[in-house]
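Here's the structure we're looking at; comments come further down.
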Amino acid sequence: MDLSRVQKEIKEISLDKASGISVRVMGNDLTRLQGTINGPKDTVYEGGVFVVDIEIKGVYPFEPPKMRFKTKIYHPNVSSQNGAICLDILKDQWSPALTIKTALLSLQALLCSPEPNDPQDAVVAKLFLGDHPLFERTARHWTRTYATPGQETEGLTQLLEMGFTREQAQEALDGAAGDLNAAIAALLG
Amino acid sequence: MPGSGVNMTVDAGPVPSGERPRAFKVKIKHWRTLASWSWNAGDDVCGICRNPFDGCSPEAKYPGDDSPVVWGTCRHAFHLQCITQWLSSQTEQRCPICRQNWEFKSAEENEE
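Residue numbers (my numbering), protein chains in the order written: chain S, 297 to 485; chain L, 13 to 124.
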């Protein structure tokens, strides 16, 4: 495995402070990395920091790095269940001239321009096309809830104060796309 | 002579006594030449392994003949080992950089 290339890539990413992405090494070898992507401005992901698990296999760079969102994200091309990503360059359109950095930048671009006609999550894609305002509300709610470090949403704080468990409150809020009244109605219903 | 690549040992010979030395006589006893070369690839590093062209691919031990640089007709250059490994893993033979069909450029074409 070509570790020197991975090493150079990590260094290059760490020197670039402007692109809104970062990467760090998990564990002792360079096969497990964790990347972060700042949610792009003027999107429903703005303000969020999204963690991406990266696995570098032995054949890298002749095969793409395996990437998956660790942070829950509401996006037509990302599984809302397990974070699996549908992006051509991470599959059959990979080229060894691409890098971990260009792949993360492509993910960032994917957050700006979802491709609902080539979905990874059919339910999210259906909402994106069928009820876009509700899609946007839900995606913003997920960004605030799962991708904003150290910050509880107001709704969650209130529900916790009302005596619901964190799990109950989160589930109800998710089901109501972040709408507190609807979440309370669901919890009391 | 630093930087010149020529290494000489000189002997200024004996100056005859009583005479004013008129010319500085130099006798070259021994000399060595050094030459260096580099790949003129229009880029410093291979787009696949990111190692310098003047270094070698991860598969090779030594630069030069052991790790030659090759060009495609699209004018992109890679270490021979790197591009070969990529093409052998693919059904479609495309340049990793521009995705055009990959064909090796012959040495004669490269002269132009």
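Backbone N, C-alpha and C fix where the C-beta goes; we use that ideal spot for every residue, glycine too.
- Measure the alpha-carbon distance for L:Glu-104 versus S:Leu-299 and round it to whole angstroms. On the second sequence, position 92 is the one that residue 104 of chain L refers to. On the first sequence, position 3 is the one that residue 299 of chain S refers to. C-alpha separation (whole angstroms): 27 Å.
If you draw a straight line from the C-alpha of S:Gly-248 to the C-alpha of S:Leu-455, how long is it?
-> The displayed coordinates of chain S run from 297 to 485. Any statement about residue 248 of chain S would go beyond what the structure contains.
What are the residues in the segment 384 to 398 of chain S lying within 9 Å of chain L by C-beta distance?
Gln-389, Ser-391, Pro-392, Ala-393, Leu-394, Thr-395
Exercise for review: Can you pull the chain S residues whose beta carbon is under 9 Å from the beta carbon of L:Ser-79, in chain order?
Suggested key: Counting from one through the second sequence, the residue named residue 79 of chain L turns up at place 67. Simply none; closest approach about 14 Å.
Of all Cβ atoms in chain C, is any one closer than 8 Å to the Cβ of L:Pro-75?
Going by chain labels, chain C is absent from the structure shown, which instead holds the protein chains S and L.
Taking only three categories from DSSP, how would you classify L:His-42?
Here residue 42 of chain L corresponds to residue number 30 of the second sequence, with the count starting at 1. Note: L:His-42 maps to strand in three-state DSSP.
### Task
Kindly indicate if chain S contains any beta-carbon less than 8 Å away from that of L:Pro-70.
One-based indexing of the second sequence puts residue 70 of chain L at position 58. Interface residue, yes.
Next item on the list: Grab the span of the alpha helix (DSSP H) containing L:Asp-66 for me, first residue to last.
Entry: Taking the first residue of the second sequence as 1, we reach residue 66 of chain L at position 54. L:Asp-66 -> no alpha helix (DSSP H), and no H or E assigned at all.
Determine the contact status of S:Gln-416 and S:Ser-391, defining contact as a CB-CB distance below 8 Å. Residue mapping note: residue 416 of chain S aligns to position 120 of the first sequence, counting from 1. Residue mapping note: residue 391 of chain S aligns to position 95 of the first sequence, counting from 1. Taking 8 Å as the Cβ cut-off, S:Gln-416 and S:Ser-391 do not qualify as a contacting pair.
Secondary structure at S:His-437, three-state DSSP: helix, strand or coil?
Translated into the one-based positions of the first sequence, residue 437 of chain S becomes position 141. DSSP places S:His-437 in helix when its eight states are reduced to three.
_Interface residues of chain L facing S:Asp-298 [CB-CB closer than 8 Å]_ = For the purposes of this step, residue 298 of chain S is taken as the residue at position 2 of the first sequence. The answer, in chain order, is Cys-61, Pro-70.
Taking DSSP as the reference, what is the three-state secondary structure of L:Thr-96? Within the second sequence, the letter at position 84 stands for residue 96 of chain L. Helix.
> Over what stretch of residues does the alpha helix (DSSP H) that includes S:Ala-465 continue unbroken?
Replying inline: In the first sequence, residue 465 of chain S corresponds to position 169, counting from 1. 462 to 471 is the extent of the alpha helix (DSSP H) around S:Ala-465.
So, under 8 Å CB-CB, S:Thr-327 and S:Glu-351 are touching, yes? Tell me the CB distance rounded to an integer number of Å.
For the purposes of this step, residue 327 of chain S is taken as residue 31 along the first sequence, with counting starting at 1. For the purposes of this step, residue 351 of chain S is taken as residue 55 along the first sequence, with counting starting at 1. That pair is a contact at about 6 Å.
message: My output table needs one value for S:Arg-301: the three-state DSSP class, helix, strand or coil.
response: Indexing the first sequence from 1 puts residue 301 of chain S at position 5. The answer is helix: DSSP assigns S:Arg-301 an H, G or I state.
**Item:** Three-state class that DSSP yields for S:Gly-379 in the structure shown
**Value:** Residue 379 of chain S sits at position 83 when you count from the first residue of the first sequence. It is coil, neither helix nor strand.
Along the chain, where does the alpha helix (DSSP H) that runs through L:Ala-89 open and close?
Stepping through the second sequence from its first residue, residue 89 of chain L is reached at position 77. Element bounds for L:Ala-89: not the alpha helix (DSSP H) but the beta strand (DSSP E), 89 to 91.
Notebook entry, point to check: What's the gap between the Cα of S:Val-245 and the Cα of S:Gln-330?
Noted result: Nothing in the structure corresponds to residue 245 of chain S, since chain S is present only between 297 and 485.
Figure out for me which residue from S:Leu-394, S:Val-340, S:Tyr-341, S:Asn-378 has the closest Cα to the Cα of S:Pro-361.
By 1-based counting over the first sequence, the position of residue 361 of chain S is 65. Of the listed residues, the one whose Cα sits closest to S:Pro-361 is S:Leu-394.
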